[in-house]
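Peer 1: If you scroll down you'll find the structure; I have some questions about it.
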Amino acid sequence: MITLKLKDDEGEVTELTATTRDIVLWERTHRGKTFKSIQDNMSLIDFYGIAYCAVKRQNIVLMHDFANEKEFTDLFDLEFEMDVEADPTLAGL
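See below:
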């Protein structure tokens, strides 16, 4: 659903895919946040939150340890691509 690349200061890159389960976890742990909200108003901190949830839920082992989302954000640069299918009900508008 969202392909993410995490890059540390040494240049080590880890690629992961945030699935709907990761996004639901992010919505549950970040009050008032929804997937729709990031589609309408992208914020990098939201993508870091989704990446953090994906790493934790999927038990992805990274080169660096981190205790919380802030430490995670401080350790990695983030690149992402969203695979969002066009809404067929909006075709021709």
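In my numbering, each residue carries its 1-based index in the sequence shown increased by 190. All residues carry an ideal CB built from backbone N, CA and C; glycine is no exception. Values in this document were obtained by computation on a predicted structure and should not be read as measured data.
Name the DSSP beta bridge partners of Thr-207, please?
Peer 2: Counting from 1 along the sequence shown, the entry for residue 207 is found at position 17. Note: Thr-207 sits in a beta bridge opposite Thr-193.
Peer 1: Tell me, please, which residues DSSP counts as bridged to Leu-268.
Peer 2: Walking along the sequence shown from the start, residue 268 turns up at place 78. Paired residues: Leu-196.
Peer 1: Tell me whether Ile-250 sits in a helix, a strand or coil according to DSSP, three-state version.
Peer 2: Taking the sequence shown and counting its residues from 1, one reaches residue 250 at position 60. Looking at Ile-250 - three-state DSSP - the assignment turns out to be coil, as it is neither helix nor strand.
Peer 1: Starting from the C-beta of Lys-197, find all residues in its chain whose C-beta is less than 6 Å away, skip the five residues before and the five after it, and write them out in chain order.
Peer 2: By 1-based counting over the sequence shown, the position of residue 197 is 7. For Lys-197, where only same-chain residues beyond five positions count, the Cβ hits under 6 Å are Val-203, Asp-267.
Peer 1: Just checking my contact of Cys-243 with Asp-212 at CB under 8 Å: how many whole Å lie between their CB atoms?
Peer 2: By 1-based counting over the sequence shown, the position of residue 243 is 53. By 1-based counting over the sequence shown, the position of residue 212 is 22. That pair is a contact at about 5 Å.
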